[in-house]
Amino acid sequence: LNDETSVNVCSGAALENNDQAAAAKLAKERLEAIDNASLTIGVTGESGCGKSSFVNALRGLKNSDEGAAPTGPVETTMEPIEYPHPDHPNVKIWDLPGIGTPNFKADQYLEKVEFEKYDFFLIISNTRFKENDAKLAHEIQKMNKKFYFIRSKIDQDIQNEKRDKKVFNERETLSLIRNNCVEGLKQLEIKSPKVFLVSSSDLHLYDFEALGQTLESELPEHTRDALLLALPNISLEAINKKKQVLKSRIKLYVLGSAAGAMSPIPGTSVVVDIALMVKFVKECQKSLSLSDTSLMRLSEATGVSMEELKKEIKSPLTGVKITAELMDAAAAKEEVKQLLFKMADALSNSADRKSRSLFYLKPHYGTFMVESRSPACFHGDTVVGLSQN
Ligand SMILES: Nc1nc2c(ncn2[C@@H]2O[C@H](COP(=O)(O)OP(=O)(O)OP(=O)(O)O)[C@@H](O)[C@H]2O)c(=O)[nH]1
Ligand SMILES: [Mg+2]
552 LNDETSVNVC
562 SGAALENNDQ
572 AAAAKLAKER
582 LEAIDNASLT
592 IGVTGESGCG
602 KSSFVNALRG
612 LKNSDEGAAP
622 TGPVETTMEP
632 IEYPHPDHPN
642 VKIWDLPGIG
652 TPNFKADQYL
662 EKVEFEKYDF
672 FLIISNTRFK
682 ENDAKLAHEI
692 QKMNKKFYFI
702 RSKIDQDIQN
712 EKRDKKVFNE
722 RETLSLIRNN
732 CVEGLKQLEI
742 KSPKVFLVSS
752 SDLHLYDFEA
762 LGQTLESELP
772 EHTRDALLLA
782 LPNISLEAIN
792 KKKQVLKSRI
802 KLYVLGSAAG
812 AMSPIPGTSV
822 VVDIALMVKF
832 VKECQKSLSL
842 SDTSLMRLSE
852 ATGVSMEELK
862 KEIKSPLTGV
872 KITAELMDAA
882 AAKEEVKQLL
892 FKMADALSNS
902 ADRKSRSLFY
912 LKPHYGTFMV
922 ESRSPACFHG
932 DTVVGLSQN
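Residues in the sequence shown are numbered from 552 upward in steps of one, following this note's numbering.
This is the structure in structure tokens:
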């Protein structure tokens with residue numbers, strides 16, 4: 552089930568039977584499944600091709616940042632190392648040693664790096680298509696695992712061509728590089744090889760965005776959304792995708808926040824813990840680089856100062872510490888009440904009109920008190936979910 556359908560099932564079937572507690576339980580289970588979705592990516596290729604630099608870029612870090620995978624002009628990564636995403640630790644990126652190095656000979660490479668544990672591989676190559684690239688692609692395919700081929704350090708190729716050619720055409724250069732990789736892979740009988748040209752120091756240029764789109768279309772829903780939220784905020788499109796994923800979760804959080812707290816007797820008060828609400832807003836903040844730490848990382852990775860970034864960002868969540876008290880205060884604002892009322896209304900509309908339900912909430916020492924009220928009473932209270940009416 553995707554988020555939309557599972558909410559409809561929750562708020563439809565369960566609410567039609569006037570069983571809000573069951574609806575809330577379903578939503579909570581769905582949220583737990585989202586939390587538990589994890590993705591393990593293996594970044595592989597020859598020594599020095601730029602694997603560790605790409606791992607850092609994927610995690611929104613510069614090579615010089617604290618916690619970044621070590622990089623360098625000589626062989627650096629000697630054993631497989633796991634790098635969880637700093638804001639989304641369920642996305643695990645493994646920086647693998649170079650294939651063909653003395654400790655990781657080509658013929659035993661995949662066994663040694665324990666290939667089974669990766670959901671898919673990113674094969675990195677920084678030169679013309681070579682024997683080890685072919686070996687890796689062939690072996691990964693034999694193991695029934697997926698891979699995407701990344702031609703790295705494109706900025707260097709562009710620079711070299713500019714220096715060496717009288718007439719330089721960037722598009723032709725890029726197409727030449729891409730074709731070389733595609734042809735190399737086709738010779739391995741890989742039908743429609745996926746090749747992406749990337750520069751880890753300038754992710755917004757070339758094919759990084761296209762890599763994100765391909766992964767989005769090919770990954771299963773759970774892991775796809777986990778990855779989408781973790782990808783660096785390098786374009787408006789990336790941010791809008793995140794917005795869609797987060798938006799689709801709002802209804803689940805609204806319903807799920809009431810799990811286990813629904814009153815079995817219609818018309819009596821129940822209490823809803825707002826910890827889940829705080830968790831969701833924090834998730835939005837991290838995914839959109841709005842917390843101070845993620846904003847600082849974005850500033851370092853892009854070279855745009857914190858001040859400039861803050862000037863451009865319109866979100867009221869920018870740099871704010873999200874606490875239960877803050878959520879209480881926010882929920883008391885008139886415009887938030889209106890918004891929450893609309894949400895409650897939209898949710899209850901998905902149930903049978905006859906059993907149409909509204910829950911009314913008011914802040915209560917870090918939790919929300921939920922009470923059944925008639926809609927006429929709503930103006931004095933904070934509305935968050937659904938309730939019997
Ligand atoms: N110009 C440019 N340099 C890059 C890029 N990616 C990596 N490099 C440089 O290439 C060198 C090797 O990069 P690493 O990321 O350490 O390569 P690696 O594949 O992890 O190397 P090993 O761990 O030794 O196998 C470093 O000096 C990086 O700064 C890139 O996209 N553009
Ligand atoms: Mg390395």
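No residue lacks a Cβ here, since even glycine has one placed at the ideal position from N, Cα and C.
Cβ distance (whole Å) where residue i is taken to contact residue j below 8 Å
i: Ile-650; j: Thr-595; result: 6 Å
i: Ser-703; j: Val-664; result: The Cβ separation is near 19 Å, so there is no contact.
i: Leu-868; j: Val-832; result: 7 Å
i: Gly-601; j: Asn-654; result: Not confirmed; about 20 Å, so no contact.
i: Lys-781; j: His-639; result: Per the sequence shown, the amino acid found at residue 781 is Ala instead of Lys. About 4 Å; that satisfies the 8 Å criterion.
i: Trp-645; j: Glu-633; result: 5 Å
i: Ile-741; j: Gln-692; result: 7 Å
i: Pro-635; j: Lys-643; result: 5 Å
i: Arg-679; j: Asn-731; result: 6 Å
i: Ile-728; j: Asp-708; result: 6 Å
Three-state secondary structure assigned by DSSP to residue i
i: Glu-834; result: helix
i: Arg-729; result: helix
i: Arg-722; result: helix
i: Val-822; result: Residue confidence is low: Val-822 scores 42 on pLDDT, short of 50, so the model does not pin down where it sits. Its coordinate-derived value is still stated next. Note: Val-822 maps to strand in three-state DSSP.
i: Ile-691; result: helix
i: Ser-845; result: helix
i: Arg-679; result: coil
i: Leu-754; result: coil
i: Ser-938; result: In this prediction, Ser-938 has a pLDDT of 33, which is less than 50 and means its spatial position is unreliable; what the coordinates show is noted afterwards. DSSP places Ser-938 in coil when its eight states are reduced to three.
i: Gly-763; result: helix
i: Thr-853; result: helix
i: Leu-673; result: strand
i: Ile-816; result: Because the pLDDT of Ile-816 is 41, which lies under 50, any placement of that residue in the model is unreliable, and the number read from its coordinates should be weighed accordingly. Three-state result, Ile-816: coil.
i: Thr-628; result: coil
i: Asp-638; result: coil
i: Thr-869; result: coil
i: Asp-776; result: helix
i: Lys-663; result: helix
i: Ile-701; result: strand
i: Ile-741; result: coil
i: Glu-769; result: helix
i: Ile-585; result: helix
i: Lys-656; result: coil
Alpha-carbon spacing of residue i relative to residue j, whole angstroms
i: Glu-597; j: Met-629; result: 12 Å
i: Ile-873; j: Leu-839; result: 14 Å
i: Tyr-757; j: Asp-670; result: 25 Å
i: Pro-648; j: Gly-735; result: 23 Å
i: Val-718; j: Leu-762; result: 30 Å
i: Glu-617; j: Glu-876; result: 32 Å
i: Leu-797; j: Asp-715; result: 47 Å
i: Cys-835; j: Asp-658; result: 44 Å
i: Arg-848; j: Arg-775; result: 23 Å
i: Gln-738; j: Glu-851; result: 41 Å
i: Glu-767; j: Asn-784; result: 15 Å
i: Asn-791; j: Lys-802; result: 18 Å
i: Ala-688; j: Lys-681; result: 11 Å
i: Asp-706; j: Thr-765; result: 22 Å
i: Asp-684; j: Lys-656; result: 13 Å
i: Met-878; j: Ile-825; result: 8 Å
i: Val-805; j: Ala-573; result: 14 Å
i: Ser-726; j: Ala-883; result: 56 Å
i: Ser-856; j: Ser-603; result: 25 Å
i: Glu-886; j: Gly-854; result: 36 Å
i: Pro-624; j: Leu-612; result: 19 Å
i: Thr-591; j: Lys-668; result: 7 Å
Other residues of its chain near residue i: CB distance less than 6 Å, five sequence neighbours each side excluded
i: Ile-701; result: Leu-673, Ile-675, Phe-747, Val-749
i: Thr-819; result: Confidence in Thr-819 is poor, its pLDDT being 37 and thus under 50, which makes the residue's placement too unreliable to answer from.
i: Tyr-699; result: Leu-673, Lys-745
i: Asn-607; result: Asn-614, Ala-619, Ala-620
i: Phe-666; result: Met-694
i: Ala-588; result: His-773, Thr-774, Ala-777
i: Val-733; result: Pro-744, Val-746
i: Ile-864; result: none
i: Tyr-916; result: Note that Tyr-916 scores 36 on pLDDT, short of 50, meaning its location in the model is unreliable; the coordinates nonetheless yield the value given after this. Cβ neighbours of Tyr-916 beyond the five flanking positions: none.
i: Tyr-660; result: Ile-650
Neighbourhood of residue i by C-beta distance below 7 Å, restricted to the same chain and skipping five residues each side
i: Leu-770; result: Leu-778
i: Arg-610; result: Tyr-634, His-636, Pro-637, Ile-644
i: Glu-712; result: Phe-719, Thr-724
i: Thr-652; result: Ser-598, Glu-626
Same chain, Cβ closer than 8 Å to residue i, neighbours up to 5 away in sequence not counted
i: Gly-807; result: Ala-575, Ala-578, Lys-579, Arg-581, Leu-582, Leu-827
i: Gly-870; result: Leu-841, Ser-842, Asp-843, Leu-846, Lys-861
i: Phe-605; result: Val-594, Leu-673, Ile-675, Ile-701, Ser-703, Val-749, Ser-751
i: Asp-586; result: Asn-641
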